[in-house]
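Below you'll find the structure, written out as structure tokens, and then a few comments.
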Amino acid sequence: MSYEFLQTLWFILIAVLWIGFFFLEGFDFGVGMLLPFLGKKDEERRAIINTIGPTWDGNEVWLLTAGGAMFAAFPHWYATMFSGFYLALFLLLVGLIIRGISFEYRSKDSNPKWRHTFDWMIAVGSFLAALLLGTAFANLARGVPIDANMMYTGNLFTLLNPFGLLGGLTMVTVFLLYGATFLTLKLEGDLRERARGLSKKLYVVAAVVVVLLAVFTYIATDITSKVGVNPGFVPLASVLAIVLVIFFINRKMEGWAFVMTAIHIVLTQVAFFTLMFPRVMISSTNPAFSLTIYNASSSQYTLTVMSIVALIFVPIVLAYQGWSYYQFRKRISTDKKSLVY
Amino acid sequence: MDPIILSRWQFGLTTVYHFLFVPLTLGLSWFVAYFQTRFYQTRDETYRKSAKFWGKLFLINFAIGVVTGIVQEFQFGMNWSEYSRYVGDIFGAPLAIEALMAFFLESTFLGVWIFGEGKIPEKMHLASIWLVAIGSNLSALWILLANGWMQHPVGYVINEINGRAELVDFFALISNPKGWLFFWHTVAAGLATASFFVIGISAYHIVRKQNVDLFKRSFLTATIVGLIASTLVFFGGHTNGQFMFETQPMKFSAIEAHWETSAPAEFSILTIGDLTGKQEVWSLRTDAIGIPGVLSFLACNNFDCEVRGVYDIQAEYEATYGPGDYIPLMVVTYWTFRFMMTIGLLMMLLSFLFLLATRGKYENAKWMKWVPWVIVLPYIANASGWILTEMGRQPWIVQGLLKVEDAVSPNLTTVDLLISLIGYTVVYGALAAAMYYLMKKYAIAGPDAAMHESVDVATAAVGADD
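Chains A and B, in that order, give the protein sequences. The first sequence runs contiguously to residue 341 in my numbering. The second sequence runs contiguously to residue 1466 in my numbering.
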């Protein structure tokens, strides 16, 4: 296999890992943010957590694998981005830590204050994670200051520009909607109806923010010069998907509402990675300083070895993760007898 | 403050903290799997309760290991970007494989194990805890192969054009003896840690005559496993030391406060250095008590071989790598080794004595009430071992190839690092407090509290002792 082919392949594989992560963990983040607002009673909150309880940790591994794959396949991308976005990633880690620990610890003590604290940590941690990842990705599309030595020359506030924050807000609102449609799909009775009601309200906010992001993408990124004014099929299909979400919510077809939100998220990410390719980090200092799949990658040998490893293990992982989703496909009721605490 | 110092402290603190929880996860997973299997085979309720009880404590511990593990993977890029650029072609591979092969396995099947009881076939539920144990220990293998490469780089060339290390032999990387020696030592240490954890908590309940049958079985299992595991730790450590003597002679001699080259070489019983740590002030060595050549024996299994001193190795390294200080902080290497080794030997002795005691009526023995304190032993030994391994490699981050001072992210400021260092300290401190509170509560509450799943009962049973 040629070097260029392998570099392209690994760009695609890393894109797939990130997209898989947002596709799966997106509704986890949404469920986490909604937890204290939607769940009024303790067993309701437990039921909400249990919709993602068996699978959230496995979903998060997509992020770890994406990070590991970036390290292995594009060390310069990993090094520049992770050291450059230092404080943003630190806050992301804090968000993931407090959220992860809370899923495990919140029910292990009956004190209402204890549970209340951990429930809010789940919400805050999920919010932080979605906000920071959205901000980081918007900044990747917009370009960040990088010098000739692949060194990020900005700081945290460089990332907190309007477009970056709009990206963060988009991820938060879309994941809230995603979480609400997921909960409508996974819960029963009154709680399910409340999730449905909430998804309608959240839809309005998410739709407005998505449109704003689409408009500002033309201003903040080089999409017009790279792709043209017509963005092509994928972004348009992504917009169509989010338009259809409300159609399905209103007809109480929550399965389709969830699928359309998922398609919107996946296609938005596909559009993002298409815009980036073959660059992995765009330099706003000088386009010539951008990191690309060609100047940031590992050697041909390493990419070959990693391709073989991925070819063997990715299908296995997909098979058992799919199997575990299948095992826990049933709706969750707030009936105390059936709730796993 | 110097950003390098802060990055080093942060890496050290977060890594030692992470590794407080990892060995118990590695070892206790096998115990839970074993007890659940015994229940499956015998239908004996005591085994079911054992699996539930130790499983509950396993989960409380596991959660912290998982969330602090994410920091581990991210901070190579965050704090050590130049390291990542230099070794990414090699070091990234085992890390990515670890996620793909091990993290997915343990996370997915842990979820299945927690939520699947009664919902999936019992055989599947049993298989899932075994897969968790296999996944955890597999992840140890890959991260240790990665660390093994930092101690003993193999299968690479230095690319003259871009100046980085590049992989040329993947099989050399995955068959690196250093990585496999680490794996042997660490997996055995994980089992020994879990054994002493089980021994200590079982003793607590046996003394109080609570669930005596269950805890006597756990105690017996743990003493047998503990004896085998701590013996394996000992021989793994010894082999590791000999490999270190060949591949990292400076670390070996710094551990032993062995200043001057000699044959035969003497083992230090107690050495006091001056404040610079580079000069001996006073020392008592094994030849003074009539057994000469002990250090030679440790290094190469015979009492006469030559062991080079740190001064000679320093001179050689200066000739090879240019001027600089190549001697690690000897007060740390010397003492962490002695903590680790002494505790390791003590654990072998204790598990042997406990095993002997199980032949008699040990449940009434007066000494039993002190036994819970043995839980702290493996924790000190585990932390000492890693501090020794990593500090002993200084000033190198990759032995002989890249120095720590050249590995740090150049863009980070003191303020960045203070924010993250203080932030991690606060968050990790709070995690430790919550973990300790829950661990103590469930360990003391015993198997009955761990058995109940539903809201009301859990509230009643667990809330009762609040």
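For glycine and all other residues, C-beta sits at the position ideal for the given N, C-alpha and C.
Please report how far the alpha carbon of residue i lies from the alpha carbon of residue j, in whole angstroms.
i	j	result
S199 of chain A	N59 of chain A	22 Å
V1376 of chain B	G168 of chain A	44 Å
S126 of chain A	S1136 of chain B	26 Å
L244 of chain A	I263 of chain A	11 Å
L1131 of chain B	F1104 of chain B	10 Å
Y301 of chain A	D1304 of chain B	45 Å
K1251 of chain B	A1099 of chain B	31 Å
Y325 of chain A	T55 of chain A	7 Å
I219 of chain A	F277 of chain A	19 Å
S1195 of chain B	K1056 of chain B	16 Å
Q1151 of chain B	V1398 of chain B	6 Å
L1421 of chain B	K108 of chain A	29 Å
A1461 of chain B	S1202 of chain B	Residue confidence for A1461 of chain B is low, a pLDDT of 36 falling below 50, so the modelled location carries little weight; the figure read from the coordinates is stated next. Using only the alpha carbons, I get a separation of about 20 Å.
Q1010 of chain B	I1161 of chain B	33 Å
N1159 of chain B	M1001 of chain B	34 Å
L1356 of chain B	F1267 of chain B	32 Å
D1465 of chain B	R1217 of chain B	For D1465 of chain B, the predicted structure reports a pLDDT of 34, less than 50, and the residue's modelled location is therefore unreliable. A value from the coordinates is still provided. Spanning the two alpha carbons is a distance of roughly 26 Å.
T8 of chain A	I293 of chain A	7 Å
D1274 of chain B	V1281 of chain B	6 Å
R1164 of chain B	Q1279 of chain B	36 Å
S102 of chain A	I1272 of chain B	47 Å
D1456 of chain B	G30 of chain A	Because the pLDDT at D1456 of chain B is just 38, under 50, the model does not fix this residue reliably, and the value given afterwards should be weighed accordingly. Approximately 28 Å, taken between the alpha carbons.
N250 of chain A	A47 of chain A	24 Å
S1454 of chain B	G1200 of chain B	Residue placement at S1454 of chain B cannot be trusted, given a pLDDT of 38 that sits under 50; what the coordinates show is reported in the next sentence. When rounded, the distance between both Cα atoms is 29 Å.
L1028 of chain B	A1189 of chain B	11 Å
G1400 of chain B	Y1379 of chain B	30 Å
G1241 of chain B	N295 of chain A	41 Å
Y1436 of chain B	I1064 of chain B	11 Å
F74 of chain A	D1044 of chain B	53 Å
L1024 of chain B	T1037 of chain B	20 Å
A1458 of chain B	I1174 of chain B	Confidence is the limiting factor: at A1458 of chain B the pLDDT is only 40, short of 50, which leaves the residue's position unreliable and the question unanswerable from this model.
A1430 of chain B	F233 of chain A	49 Å
F1019 of chain B	N230 of chain A	52 Å
Need the endpoints of the beta strand (DSSP E) that residue i sits in, please.
i	result
I957 of chain B	Residue 957 of chain B cannot be examined here, being either before or after the span of chain B that is shown, 1001 to 1466.
I1158 of chain B	Y1156 to I1158
L24 of chain A	Careful: L24 of chain A lies outside any beta strand (DSSP E), inside the alpha helix (DSSP H) at Y3 to L38.
V1281 of chain B	E1280 to R1285
S1268 of chain B	S1268 to G1273
Please name the residue in the options whose C-alpha comes closest to that of residue i.
i	options	result
A1146 of chain B	B:L1214, B:I1199, B:F1076 and B:Q1210	B:F1076
L1349 of chain B	B:L1329, B:F1337, B:R1338 and B:I1228	B:I1228
G1069 of chain B	B:W1370, B:K1178, B:L1353 and B:V1016	B:V1016
W77 of chain A	A:I282, A:V305, A:L177 and A:V94	A:I282
F1183 of chain B	B:F1215, B:L1329, B:W1142 and B:K1049	B:W1142
T1108 of chain B	A:L187, A:V340, A:F328 and A:K337	A:F328
R196 of chain A	A:M253, A:S307 and A:P112	A:M253
L128 of chain A	A:F175, A:A241, A:A214 and A:G68	A:F175
L156 of chain A	A:T181, A:M260 and A:V144	A:V144
L1059 of chain B	B:W1113, B:G1385, B:G1148 and B:G1344	B:W1113
K337 of chain A	B:G1148, B:G1118, B:R1085 and B:I1090	B:G1118
Taking the alpha helix (DSSP H) that residue i falls in, what are its first and last residues?
i	result
M281 of chain A	No alpha helix (DSSP H) contains M281 of chain A, which is instead part of the beta strand (DSSP E) from R279 to M281.
E1122 of chain B	E1122 to Q1151
A1319 of chain B	V1310 to Y1321
A1102 of chain B	Neither: A1102 of chain B is in no alpha helix (DSSP H) and is coded neither H nor E.
F1058 of chain B	E1045 to N1079
I48 of chain A	D42 to N50
K1251 of chain B	P1249 to I1255
A1299 of chain B	V1294 to C1300
A72 of chain A	W56 to A73
P287 of chain A	No alpha helix (DSSP H) contains P287 of chain A, which DSSP labels as neither H nor E.
Applying a beta-carbon distance threshold of less than 7 Å, which residues of chain D neighbour residue i?
i	result
P1410 of chain B	Of the protein chains in the structure, A and B, none is chain D.
| query | Going along the chain, which residues of the region 1316-1328 of chain B sit with their C-beta nearer than 7 Å to a C-beta in chain A? | reply | Going along the region 1316-1328 of chain B in chain order, one finds no residue with a Cβ nearer than 7 Å to chain A.
| message | As an exercise, report each continuous alpha helix (DSSP H) stretch of at least 4 residues that is fully enclosed by the region 92-144 of chain A, in chain order. | response | Within the region 92-144 of chain A, the complete alpha helix (DSSP H) runs of at least 4 residues are 112-142.
| Positions along the region 1082-1106 of chain B whose CB lies within less than 9 Å of some CB in chain A | Listed in chain order, the positions of the region 1082-1106 of chain B with a beta carbon within less than 9 Å of a beta carbon of chain A are E1082, Y1083, S1084, R1085, Y1086, V1087, G1088, D1089, I1090, F1091, G1092, A1093, P1094, L1095, A1096, I1097, E1098, A1099, L1100, M1101, F1103, F1104, L1105 and E1106.
| task | Could you tell me which uninterrupted alpha helix (DSSP H) segments, each at least 4 residues in length, are contained entirely in the region 203-284 of chain A, listed from first to last along the chain? | result | The region 203-284 of chain A contains these whole alpha helix (DSSP H) runs: 223-226, 233-250 and 254-276.
| query | If contact means a Cβ-Cβ distance below 9 Å, which residues of the region 55-75 of chain A contact chain B? | reply | Under the 9 Å Cβ criterion, the region 55-75 of chain A contributes T55, W56, D57, G58, N59, E60, V61, W62, L63, L64, T65, A66, G67, G68, A69, M70, F71, A72, A73, F74 and P75.
| query | In the region 297-331 of chain A, which residues sit with their C-beta less than 8 Å from some C-beta in chain B, listed in chain order? | reply | Hits within the stretch, in order: S298, S299, Y301, T302, V305, M306, V309, A310, F313, V314, V317, Y320, Q321, S324, Q327 and F328.
| said: List, from N- to C-terminal side, the beta strand (DSSP E) runs of 3 residues or more that fit wholly inside the region 1152-1222 of chain B. | reply: Listed in chain order, the complete beta strand (DSSP E) runs (minimum 3 residues) inside the region 1152-1222 of chain B are 1156-1158 and 1165-1167.
| Positions along the region 84-95 of chain A whose CB lies within less than 9 Å of some CB in chain B | Taking 9 Å as the Cβ-Cβ cut-off against chain B, the residues of the region 84-95 of chain A that qualify are G84, F85, Y86, L87, L89, F90, L91, L92, L93 and V94.
| query | Listed from N- to C-terminal order along the chain, which residues in the region 1438-1452 of chain B have their beta-carbon within a distance smaller than 8 Å of any beta-carbon of chain A? | reply | Result list: L1438, K1441 and Y1442.
| said: Using a Cβ-Cβ cutoff of 7 Å, what residues of the region 1397-1424 of chain B are near chain A? List them in chain order. | reply: Cβ contacts with chain A: S1409, P1410, N1411, L1412, D1416, I1419, S1420 and G1423.
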